[in-house]
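Number of protein chains: 2
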Amino acid sequence: MPSLLHHPLDPSSRLVRLMCAEYGVPLDMEEIKPWLREAELLEINPAATLPVLIGDSDTPIVGLLASIHTIEDLYTPSAVEGLIPAEPGQRAEMWRLIEWVIFKLNDEVTRYVLEEKIVKRDQRGATPDPAVLRVAKANLNEHMLYFNWLFATRAWLAGDTMTLADFALAAHLSTLDYLGDIDWGKAGETRDWYSRIKSRPAFRTLLNDRVVAMPPQRGYADLDF
Amino acid sequence: MPSLLHHPLDPSSRLVRLMCAEYGVPLDMEEIKPWLREAELLEINPAATLPVLIGDSDTPIVGLLASIHTIEDLYTPSAVEGLIPAEPGQRAEMWRLIEWVIFKLNDEVTRYVLEEKIVKRDQRGATPDPAVLRVAKANLNEHMLYFNWLFATRAWLAGDTMTLADFALAAHLSTLDYLGDIDWGKAGETRDWYSRIKSRPAFRTLLNDRVVAMPPQRGYADLDF
Chain G
1 MPSLLHHPLD
11 PSSRLVRLMC
21 AEYGVPLDME
31 EIKPWLREAE
41 LLEINPAATL
51 PVLIGDSDTP
61 IVGLLASIHT
71 IEDLYTPSAV
81 EGLIPAEPGQ
91 RAEMWRLIEW
101 VIFKLNDEVT
111 RYVLEEKIVK
121 RDQRGATPDP
131 AVLRVAKANL
141 NEHMLYFNWL
151 FATRAWLAGD
161 TMTLADFALA
171 AHLSTLDYLG
181 DIDWGKAGET
191 RDWYSRIKSR
201 PAFRTLLNDR
211 VVAMPPQRGY
221 ADLDF
Chain P
1 MPSLLHHPLD
11 PSSRLVRLMC
21 AEYGVPLDME
31 EIKPWLREAE
41 LLEINPAATL
51 PVLIGDSDTP
61 IVGLLASIHT
71 IEDLYTPSAV
81 EGLIPAEPGQ
91 RAEMWRLIEW
101 VIFKLNDEVT
111 RYVLEEKIVK
121 RDQRGATPDP
131 AVLRVAKANL
141 NEHMLYFNWL
151 FATRAWLAGD
161 TMTLADFALA
171 AHLSTLDYLG
181 DIDWGKAGET
191 RDWYSRIKSR
201 PAFRTLLNDR
211 VVAMPPQRGY
221 ADLDF
């Protein structure tokens, strides 16, 4: 069974977990706090990032892009429609939105929320900076407007079928949701989409996540949130 | 002929240009300053990022990941060995290092240098912040040590053959080199590698780049730098 070095609230780890769950690949999970830069992680990945997938070969698969491509190559079950569309235009639209989520949304929202609310818990005397969290929240509102606009004209993020781009967005939004940073009352079309993707069996693994001394917001695991 | 919305010093645009040149795909080039957020770009790409590849289909290919995958799918000539290795382990190592370059090196070095030295030229009264540039330079030194360490044991960034990871790194280092931010005297093994990749025909297009009122550092286009 492949094992995954991950952190429960790391969105890249969550994306890989969703992908594996959808493809029916069981994972041995090992929790890591990458910001502690422990030797165990640095030896495998000097970038000190997650996820790291340890498969059948001796060489670990390091990082999000390598993991996505390896899982797609090795583990897509032939019986299931894959998460990467065959039609070139749809595939390009999927990569555009994956890039949006893993670069832009991460850069403007998720990384700040995680730094302030999670990483700082391990730094003696550090407390979340409300000014940073305010900027992240304002940025998130702009992103939600764009996602609402997309979901007003399409069933899934990159078009009419569910793709890896949906899992990328779900990975980030579920982390922000755990931490209570999403106002679902104002989330419009994105709420309907999230409700659909949250009900998928692949999502169950994420809904059981708990971070020590930081329980999720009340509706986190609720399918009727 | 496909056309490319690009900026001469944008590393993601440079990566796509190198890839197309290597595969023998001619490009119509249209220069854009993405930080001005002009309507022409925003209509195509609300993220206001480059590159945007406009191919035969009506729909533009937006962003680095979508462009890479589209070029690989549509334009790899059958006569040439592709830039993405067939062997799964080598391919995972290539993606690991592409991610290193486009996330980590960009995030810790290139984006700051571009912001301070290029973007600020278009902001009335703004000048480069020496403190930011000092941090970027210190970060670059750490990255160069890692690249030197890799190149001490392998001919190319991801292994024994040249891959897209080499082009990713060359795209970033060539931008930094244009701006005079690389001390080649201290660059060790990375200098030897850069000398090899700079001599490739695919590189010529980059060496002719000029930004208005900001000529490249003296050795930029020199193959014997």
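Listed in order, the protein sequences are those of chains G and P.
Start counting the first sequence at 1; every next residue gets the next number (full-length UniProt numbering).
Start counting the second sequence at 1; every next residue gets the next number (full-length UniProt numbering).
Ideal placement from N, C-alpha and C gives every residue a C-beta, glycine not left out.
Nearest-angstrom Cα separation, counted from residue j out to residue i
i: P:L169; j: P:P216; result: 19 Å
i: G:L150; j: G:E22; result: 24 Å
i: G:S13; j: G:L114; result: 14 Å
i: P:E116; j: P:S78; result: 42 Å
i: P:P88; j: G:V16; result: 17 Å
i: P:G63; j: G:T110; result: 20 Å
i: G:Y146; j: G:V101; result: 12 Å
i: G:T161; j: G:T153; result: 13 Å
i: G:A171; j: G:G188; result: 19 Å
i: G:V25; j: P:E40; result: 44 Å
i: G:Y178; j: G:R37; result: 24 Å
i: G:T205; j: G:E31; result: 14 Å
i: P:I86; j: P:D183; result: The residue you asked about is not Ile; residue 86 of chain P is Ala in the sequence shown. About 35 Å.
i: G:G219; j: P:R210; result: 55 Å
i: P:P34; j: P:P8; result: 11 Å
i: G:Q90; j: P:A47; result: 18 Å
i: P:A136; j: G:D222; result: 44 Å
i: G:S195; j: G:H6; result: 25 Å
i: P:F167; j: G:A213; result: 45 Å
i: P:Q123; j: P:Y112; result: 15 Å
i: G:T70; j: P:I197; result: 27 Å
i: P:K120; j: P:L133; result: 13 Å
i: P:D73; j: P:T49; result: 22 Å
i: G:G180; j: P:P11; result: 36 Å
i: residue 233 of chain G; j: G:S3; result: The question about residue 233 of chain G has no answer, for chain G in this structure spans 1 to 225.
i: P:T190; j: P:L157; result: 9 Å
According to DSSP, residues forming a beta bridge with residue i
i: G:L53; result: G:L4 and G:I61
i: G:V211; result: G:M214
i: G:D28; result: G:S3
Assigned exposure category for residue i - 16 Cβ within 10 Å defines buried
i: G:E142; result: exposed
i: G:A66; result: buried
i: residue 248 of chain P; result: Because chain P in this structure spans residues 1 to 225, residue 248 of chain P falls outside the shown range and cannot be described.
i: G:E99; result: buried
i: G:M94; result: buried
i: P:V52; result: buried
i: G:S174; result: buried
i: P:L83; result: buried
i: G:L42; result: exposed
i: P:R96; result: buried
i: G:A130; result: It should be pointed out that residue 130 of chain G corresponds to Pro in this sequence rather than to Ala. With fewer than 16 Cβ atoms within 10 Å of its Cβ, G:P130 is classed as exposed.
i: P:A155; result: exposed
i: P:G55; result: buried
i: G:I201; result: Going by the sequence as given, residue 201 of chain G is Pro instead of Ile. So G:P201 counts as exposed.
i: residue 278 of chain G; result: This structure cannot settle anything about residue 278 of chain G, because the visible part of chain G is limited to 1 through 225.
i: G:N208; result: exposed
i: P:A165; result: buried
i: P:G159; result: buried
i: P:M19; result: buried
i: residue 226 of chain G; result: In the structure displayed, chain G extends from 1 to 225; residue 226 of chain G sits before or after that span and is not available.
Coarse secondary structure for residue i, derived from DSSP in three states
i: P:G159; result: strand
i: G:S67; result: helix
i: P:N148; result: helix
i: G:F225; result: coil
i: P:G180; result: coil
i: P:G185; result: helix
i: G:A92; result: helix
i: G:A165; result: helix
i: P:I197; result: helix
i: P:D129; result: coil
i: P:D122; result: helix
i: P:K33; result: coil
i: P:A48; result: coil
i: P:Y23; result: helix
i: G:P11; result: helix
i: G:L83; result: coil
i: P:E40; result: helix
i: G:R204; result: helix
i: G:T175; result: helix
i: G:R154; result: coil
i: G:T76; result: coil
i: P:Y220; result: coil
Cross-chain neighbours of residue i in chain A, by beta carbon under 7 Å
i: G:V62; result: You won't find chain A in this structure, because its protein chains are G and P.
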